[in-house]
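Everything on this sheet refers to the single structure shown next.
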Amino acid sequence: MSPQKSHTPQYRPTVGLEIHVELATASKMFCACTNKFGDPPNTNVCPVCLGMPGVLPVMNRKAYEFAVRVGLALNCNIATYTKWDRKGYYYPDLPKNYQISQYDLPLSSNGYIDLPVDSQVKRVGITRAHLEEDAGKNVHDLPDCTGVDLNRAGVPLLEIVSEPDMNSPQEVMVYARAMRQLVRYLGVSEANMQHGHMRFEPNISLWIFDEAETDGGHYTPIVEVKNLNSFRALEKTVVFEIERQINEWQADSQNYRMDKMSKQNRGWDDVKEITVFQRHKEEAQEYRYFPEPDLLPVEIDEAWLKQIRSQVPELPAARLERFQKEFGLEAKLANLLTSEKSIADYFEQAVRAGASAKRAANMIQSQGLRLANERGTDVGSLGVWPERLAQLCKLADADKVSATATVAIFEAMMESEDSAEKIAQDKNLMQVSDASELESVVQQVLTENTKAVEDYRAGGKKSKKARGFLLGQVMQKSKGQANPKVAGEIIDKKVLG
Amino acid sequence: MSAKIGPEQVRKVAHLARIKLSESEVEQFSEQLSDILTYVDQLNELDTSNVEPTTHPLRLSNVFRKDEAGETLSNEAALANAPKKHGGFFAVPKVLE
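Listed in order, the protein sequences are those of chains A and B. When the count follows my numbering, it moves up by one through the first sequence with no breaks and lands on 499 for the last residue. When the count follows my numbering, it moves up by one through the second sequence with no breaks and lands on 509 for the last residue.
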């Protein structure tokens, strides 16, 4: 060993993420109130979710199945026997003064998800995923009081807890986005960030080690940042905390250590873009968990599990790989098409209806997604059903319409029930690719433009421009209906012989 | 048996429950709570190594309802007993400044 020790220790971020996902059921977790965002305050409420005395909760079967579906997709062990627990705390948005959750027997545990990070597979462990009920919402911008809206109280909420396996802000973001994509694929949540369907709580600490030392390094105290509701806030929080913890450690490297300082909670200040100290975990409230006596346990047998498993569709990663193999799509395009299940389904249905994969993929990328985005809808809802997209693809593949014309035809198809071909005909967009039909037009153009013909034949500088001019004349004469490729070939043949 | 619940723990529980206790009360409850635990400890004499833990006293499971939205209360009815309300909200003292 070198006698001179390095004094520039390295660090590695160590991040685990808790994600809360609201499930897209019609009704709440334990009562029949509507589960819907954006209604007037306190209109989707009943004695159960208002926490009135003497009421009894009853489990929503679909919410349970949705949660198991996620557990299965995350390769978790699904518990055959689970129960419910009360987690006690006092806050105005929690009318019962306890939240029904799962403490020691979560419905799923010990899973993982594989993520693509820098062309490698990064596996992030899933500690557990359990069901609970969401709290209501406090509204802070009223004069002289805080308003409480309990529409959200009792909405089924899935808490997914990862292992502290992420080592960079980038990995955290890949994981968080993959989770959003996954729950949307599974159809268990809209995961609409603006509606608060997904909230993040990262646990962040740094492993600080010196390669010249043999002590194995040490960790900075864990910081948990509460309730982040956007990807942007999540990313900024993780980046900020890493920086902040490095600074803290540099200021007091002997004491800023996990074994000397307790875990702390911090909040994200979206305006100042910093994290703000809230409390040390040692002052944390005691949740006084105990088994929920009002609810019965859940037991899952093989038959039920099999039925739920059958509702797990092909997952994004598998589909991405298959799209590249089966359809020969490049990674970027395949990624785009599999980003949402609705897009991937739309694409596959069009291909099954006879569209060539590449044509359909390009058409969806350049037109479908652009128009869907403009209109704030998804590509499958534009009115150009997959079968009709296939008609258009086939026309283009057969050179009956030009690539340029497909744009106008696609847009017209959104407003009309007519076939792609009929629209193309009505709009004079059918393209003439038949050489014999084009011959006479070409001949006429050549006869009328002898100078250009000479220039083209002469070769050299002007040649290319002259050919372009001749082709332009053909297009003009045919009212844009000539297939430029075929017309060009005829010009070449006639002029160059 | 020595005190199972010392004064420190009594103070902590009192803090969590937001109860103020005098020093003599801390003493008193430390003793009483310890006595209760000692009494309950008698159960440990039973050998339960072959008994599955009970998580619910009823021998029932899987009581579900269908995921269907039903009737809800009107906003007026929901807020009928609220001591304070504001524009459809339950009004509580300001949580954040």
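For glycine and all other residues, C-beta sits at the position ideal for the given N, C-alpha and C. Computed from a predicted structure; not experimentally measured.
Item to check | Contact with chain B by cysteine 78(A), beta-carbon distance below 8 Å | outcome: no
Next on the checklist: Among Ala355(A), Ala346(A), Arg354(A), whose alpha-carbon lies nearest the alpha-carbon of isoleucine 366(A)?
Outcome noted: Ala346(A)
Checklist entry - In chain order, what residues of the same chain have a beta carbon less than 6 Å from the beta carbon of valine 57(A), not counting five sequence neighbours either side? => result Pro49, Val50
Item to check | Residues from the region 26-56 of chain A in contact with chain B, defined by Cβ distance under 7 Å | outcome: Thr27, Ala28, Ser29, Ala34, Cys35, Thr36, Pro42, Pro43, Asn44, Thr45, Asn46, Val47, Cys48, Leu52
Checklist entry - Over what stretch of residues does the alpha helix (DSSP H) that includes arginine 469(A) continue unbroken? => result 463-479
Checklist entry - Should the region 427-441 of chain A be called in touch with the region 489-499 of chain A, which here means at least 3 C-beta pairs below 8 Å? => result yes
Item to check | Secondary structure of serine 111(A), DSSP reduced to three states | outcome: strand
Next on the checklist: For aspartate 494(A), report the span of its alpha helix (DSSP H) as first-last.
Outcome noted: 486-498
Next on the checklist: Quick check: is any heavy atom of the ligand GDP less than 7 Å from the C-beta of aspartate 167(A)?
Outcome noted: Ligands displayed in this structure: none; no statement on the ligand GDP is therefore possible.
Checklist entry - In terms of alpha-carbon separation, which member of Thr467(B), Ala490(B), Ala481(B), Gly482(B) lies closest to aspartate 296(A)? => result Thr467(B)
Checklist entry - Where does isoleucine 431(B) land, buried or exposed, given buried means 16+ other C-beta within 10 angstroms? => result exposed
Item to check | Assigned secondary structure, lysine 7(A) (DSSP; H/G/I helix, E/B strand, else coil) | outcome: Annotation note: pLDDT 47 at lysine 7(A) (below 50); position unreliable, coordinate value reported separately. DSSP places lysine 7(A) in coil when its eight states are reduced to three.
Checklist entry - Between which two residues does the beta strand (DSSP E) carrying methionine 415(A) extend? => result Where methionine 415(A) is concerned, there is no enclosing beta strand (DSSP E), although the alpha helix (DSSP H) it sits in stretches over 405-417.
Item to check | Segment limits, beta strand (DSSP E) that includes tyrosine 258(A) | outcome: Note, tyrosine 258(A): premise wrong, no beta strand (DSSP E); not H, not E.
Checklist entry - For methionine 413(B), does the three-state DSSP call read helix, strand or coil? => result Its pLDDT being 45, under 50, methionine 413(B) is placed unreliably in this model, and the coordinates cannot settle the point.
Item to check | Rounded separation between phenylalanine 242(A) and asparagine 375(A) - CA only | outcome: 32 Å
Checklist entry - Would leucine 230(A) count as contacting chain B if we go by Cβ distances under 8 Å? => result no
Checklist entry - When the Cα of glutamine 252(A) is compared with those of Phe211(A), Ala235(A), Lys274(A), which residue comes out closest? => result Phe211(A)
Checklist entry - Buried or exposed: where does aspartate 41(A) fall if 16 or more other Cβ atoms within 10 Å of its Cβ makes it buried? => result exposed
Next on the checklist: Between the alpha carbons of cysteine 33(A) and proline 505(B), how many angstroms are there, rounded?
Outcome noted: 28 Å
Checklist entry - Excluding sequence positions up to five away, which residues of its chain have a Cβ less than 6 Å from the Cβ of arginine 290(A)? => result Gly90
Checklist entry - By Cβ distance, which residues of its chain are closer than 8 Å to glycine 418(B), with the 5 residues on each side in sequence left out? => result Ser442
Item to check | Residue environment, lysine 7(A), which counts as buried when at least 16 other CB atoms sit within 10 Å | outcome: With a pLDDT of only 47 at lysine 7(A), under 50, the local geometry of the prediction cannot be trusted, and the value read off the model is given with reservation. Flag for lysine 7(A) reads exposed.
Next on the checklist: Please report whether the beta-carbon of glutamate 420(B) lies at a distance below 8 Å from any beta-carbon of chain A.
Outcome noted: no
Item to check | Every unbroken alpha helix (DSSP H) inside the region 270-336 of chain A [4 residues or more] | outcome: 304-311, 318-329
Next on the checklist: Can you check which of these residues, Gln421(B), Ala494(B), His498(B), Phe501(B), is closest to methionine 54(A) by C-alpha distance?
Outcome noted: Ala494(B)
Checklist entry - Does the distance from the C-beta atom of isoleucine 102(A) to that of glutamate 67(A) stay below 8 Å? => result no
Item to check | Under 7 Å (Cβ pairs) to chain B, residues found in the region 290-309 of chain A | outcome: Pro293, Leu298, Pro299, Val300, Glu301
Checklist entry - Is the region 207-226 of chain A close to the region 255-268 of chain A, with three or more CB pairs under 8 Å? => result yes
Checklist entry - List, in order along the chain, the chain A residues whose C-beta lies closer than 7 Å to that of alanine 490(B)? => result Asn44, Val47, Leu52
Checklist entry - Nearest to leucine 473(A) by CA position, among Ala460(A), Tyr258(A), Asn451(A), is which residue? => result Asn451(A)
Next on the checklist: Short of 8 Å Cβ to Cβ, which residues in the region 401-423 of chain A face chain B?
Outcome noted: none
Checklist entry - Counting Cβ pairs, one atom from each stretch, are 3 or more of them under 8 Å apart for the region 158-177 of chain A and the region 111-122 of chain A? => result yes
Checklist entry - For a contact meaning CB atoms closer than 9 Å, what does lysine 432(B) contact in chain A? => result Per Cβ cutoff of 9 Å: no residues; lysine 432(B) is ~17 Å from chain A at best.
Checklist entry - When you compare each of Ala362(A), Lys487(A), Ile310(A), Ala454(A) to phenylalanine 412(A) by their alpha carbons, which one comes out closest? => result Ala362(A)
Checklist entry - Looking at chain B, which residues of the region 62-74 of chain A have a Cβ within less than 8 Å of any of its Cβ atoms? => result Asn62, Arg63, Lys64, Ala65, Tyr66
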